[in-house]
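Asks:
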Amino acid sequence: MYAHLPDLRAVQRRRKYVVAACLIPLLALVVTTGSAWPGEAPVGEIIEGVGLLMIGVAIIGRAWCSLYIGGRKTHELVQDGPYALTRNPLYVFSFIGAFGVGAQTGSLTLAALFAAAAVAVFLPVIAREEQFLGQAFAGSYADYRRRTPRLLPDFRLWRPSEALMVQPAFFLRTLADGLPFLLAWPLFELVSRWQDSGLSPLLRLP
6 MYAHLPDLRA VQRRRKYVVA ACLIPLLALV VTTGSAWPGE APVGEIIEGV GLLMIGVAII
66 GRAWCSLYIG GRKTHELVQD GPYALTRNPL YVFSFIGAFG VGAQTGSLTL AALFAAAAVA
126 VFLPVIAREE QFLGQAFAGS YADYRRRTPR LLPDFRLWRP SEALMVQPAF FLRTLADGLP
186 FLLAWPLFEL VSRWQDSGLS PLLRLP
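First residue of the sequence shown? That's 6 in the numbering used here, and the numbers climb one at a time after it.
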């Protein structure tokens, strides 16, 4: 099992580079486009508010997942808690967070683009992790894969854990990793104020 660990870690490192590369065109798109509901329009404010709520859900959800997966991912097949609902809850919450980040523009189109970019980046990582887990845990993973959805949660499958061995360092690191989602709020507010100055033409998106 351990022979595959370096390859899995390399995939995770490449994923960070790809995320950074995707952020550049997305941020450029944010600067050059704007919401079809500019200013204090109720629709735009609602989209931003819902997006901020989704960011909060993503941060808390990722931290929740870390309570179950911390230190166990490569040594044990985790199948309880959020991992009973979906095989990839950490990524599901990341997709929710990405949508919330895009929603801070007040545009559902940009929110969907941010979420789609996150899915495109993480799906290859998920595939490699599934390959690793299939090799490491053989039959038990095949059974888990058969009954548990890859992404969309099935809440009928909920199964709590009898006990948790929490790794505080991993929990805090996961919590800290999610905090950059919140940076979208003040950052996009600054972009919106600059756009409202009328210094450059904008493409308005719903």
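All C-beta atoms in this analysis are idealised placements derived from N, C-alpha and C, irrespective of residue type, glycine included. Predicted model only: the values in this text are computed from it and were never measured.
1. Going by C-alpha distance, which of E135, L184 and G107 is nearest G54?
2. Looking only at its chain, what residues have a beta carbon closer than 7 angstroms to the beta carbon of P11, apart from the 5 residues adjacent to it on each side?
3. Taking just the CA atoms, how far does A41 sit from T114?
4. Among G111, I29 and Q140, which has the Cα closest to the Cα of P47?
5. Would the beta-carbon of L162 fall within 8 angstroms of that of A89?
6. What does DSSP give as the partner residues of S40 in its beta bridges?
7. Answer yes if the segment 176–193 comes into contact with the segment 66–75, meaning at least three C-beta pairs across the two stretches below 8 angstroms, and no otherwise.
8. Here's the rule: buried if 16 or more other CB atoms are within 10 angstroms of the residue's CB, otherwise exposed. What is F160?
9. Distance check for W199 and L207, CA to CA, integer angstroms please.
10. In this structure, does DSSP put G111 in helix, strand or coil?
11. Looking at the structure shown, is T136 part of a helix, part of a strand, or coil, going by DSSP?
12. Leaving out five residues before and five after P158 in sequence, what residues of the same chain have Cβ atoms less than 6 angstroms from its Cβ?
13. With DSSP run on the structure shown, which of helix, strand or coil describes P191?
14. Three Cβ pairs or more, each shorter than 8 angstroms: is that satisfied between the segment 120–137 and the segment 97–105?
15. Using a Cβ-based criterion (distance less than 7 angstroms to any ligand heavy atom), does L90 qualify as near the ligand ZN?
Replies: Result, derived from the coordinates:
1. G107
2. Its pLDDT being 41, under 50, P11 is placed unreliably in this model, and the value from its coordinates should be taken loosely. Excluding positions up to five away in sequence, the list is empty.
3. 10 angstroms
4. G111
5. yes
6. L210
7. yes
8. exposed
9. 11 angstroms
10. coil
11. Contrary to the premise, residue 136 reads as Gln rather than Thr in this sequence. Helix.
12. L90 and T91
13. helix
14. yes
15. The ligand content of the structure shown is nil, which means the ligand ZN is not present either.
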